[in-house]
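J.: Quick note on our numbering: the sequence shown kicks off at 3 and runs consecutively.
Using N, Cα and C, we set each Cβ at its ideal position, and we do this for glycine too.
Just passing along the structure, written as structure tokens.
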Amino acid sequence: MDIAEQLVVHRSGAVLSIDAREAIRKGFHPRHEILQMVDEAPVGTLCEIHTPHRPGPLISAIQGMGLNVVTIEVEPGHWRLRAMKM
Numbered sequence: 003m004d005i006a007e008q009l010v011v012h013r014s015g016a017v018l019s020i021d022a023r024e025a026i027r028k029g030f031h032p033r034h035e036i037l038q039m040v041d042e043a044p045v046g047t048l049c050e051i052h053t054p055h056r057p058g059p060l061i062s063a064i065q066g067m068g069l070n071v072v073t074i075e076v077e078p079g080h081w082r083l084r085a086m087k088m
């Protein structure tokens, strides 16, 4: 099964929302797919990524792309990362 198919992705205007919670809970590791979507998003896009835990390596990888990442625990089992493509 394709990992990308396990992600819930919504694009609305300048917002790209990627919900990886269920994919990660099922044992998938969609880091590469998420990074590719963020990389391919046009400048000016707000990228929101939802995960079931604080994804330190993913945060580091996005920061390595030159983006600042704001992370918040929305509720237990739901973390949200936000990065603006500049």
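(1) According to the Cβ coordinates, are residue 8 and residue 32 closer than 8 Å?
(2) Name the DSSP bridge partner or partners of residue 50?
(3) Measuring only the C-alpha atoms, how far is residue 100 from residue 69?
(4) Which two residues bound the contiguous beta strand (DSSP E) that contains residue 40?
(5) Give the secondary structure of residue 56 by DSSP, where H, G and I count as helix, E and B as strand, and everything else as coil.
T.: Let me spell this out:
(1) The answer is yes: Cβ separation under 8 Å.
(2) In DSSP, residue 50 forms a bridge with 19 and 84.
(3) With the chain represented from 3 up to 88, any question about residue 100 goes unanswered, as that position is not in the structure.
(4) DSSP places residue 40 outside any beta strand (DSSP E); the residue lies instead in the alpha helix (DSSP H), whose first and last residues are 33–42.
(5) DSSP, read as helix, strand or coil, puts residue 56 in coil.
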